[in-house]
Every structure is written in structure tokens, then in C-alpha cells.
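Student: Under my numbering, the first residue of the sequence shown carries the number 27, and numbering increases by one thereafter. For each residue, glycine too, the CB sits at the ideal point set by N, CA and C. Model, not experiment: these values are computed from the prediction. Input: one structure, supplied below.
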Amino acid sequence: MTERVLHVVQASAVPLTAREVTEQIYPADGGGATPARVKNVRRILEDLALDGLIARIEQNGRERVAWQSAA
């Protein structure tokens, strides 16, 4: 799952919220971004940020993440 989350962040040209990452992993026809899934993805994003692989960005009052080389 961590690899899927990292792949979505790497492939995005713009910073994403945890919900946006979750929506790309779980399309609406497959159950979508449920609160539990968003929470799980948020934890993975926090771990990736602590490892220095992604950057956390505050944009318009919302926390977003971006691939470190793009931040």
C-alpha cells in the first residue's frame, strides 16, 4: 500500500491532499475514499514525510503533500 501511495504522489504534477490521494487509489466505483481509507492513507503519508520522501505543504489552509523533488 505504501508503494501505491508513493506512486500517486510521484505521478502528480500538483500537491495533493490525503483525500485526493485516496480517491486516486480507490475509485468511486470501488467504494471510494471512505473516512477509514483516508485515515490509513494519511498515516502512510505522515510516515513518508518523516522519511523525507515527500514534502508537506500548507496551501489555502489545507495540508497537501508533494514528491520531494518537486517541493
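1. Using a 10 Å radius around the Cβ and a threshold of 16 neighbouring Cβ atoms, would you call residue 59 buried or exposed?
2. Quick one: what's got a C-beta closer than 8 Å to residue 30's C-beta in the same chain, skipping five residues either side?
3. In this structure, what does DSSP give as the bridge partners for residue 92?
4. Going along the chain, which residues of its own chain have a beta-carbon closer than 6 Å to the beta-carbon of residue 28, five neighbours each way excluded?
5. Of the choices 39, 37, 49 and 43, whose alpha-carbon is the least far from that of residue 83?
6. From the DSSP output, which residues share a beta bridge with residue 42?
Tutor: Short version:
1. Here residue 59 refers to the residue found at position 33 of the sequence shown. Around the beta carbon of residue 59, 16 or more other beta carbons sit within 10 angstroms, so the residue counts as buried.
2. Looking up residue 30 in the sequence shown gives position 4. Within the same chain, residue 30 has close Cβ partners 51.
3. Walking along the sequence shown from the start, residue 92 turns up at place 66. For residue 92, DSSP records a beta bridge to 81.
4. Taking the sequence shown and counting its residues from 1, the one referred to as residue 28 is at position 2. So the list reads 70, once near-sequence residues are dropped.
5. Taking the first residue of the sequence shown as position 1, residue 83 is located at position 57. Comparing Cα-Cα distances from residue 83 to each of 39, 37, 49 and 43, the minimum goes to 43.
6. By 1-based counting over the sequence shown, the position of residue 42 is 16. The partner list for residue 42 (beta bridge, DSSP) reads 91.
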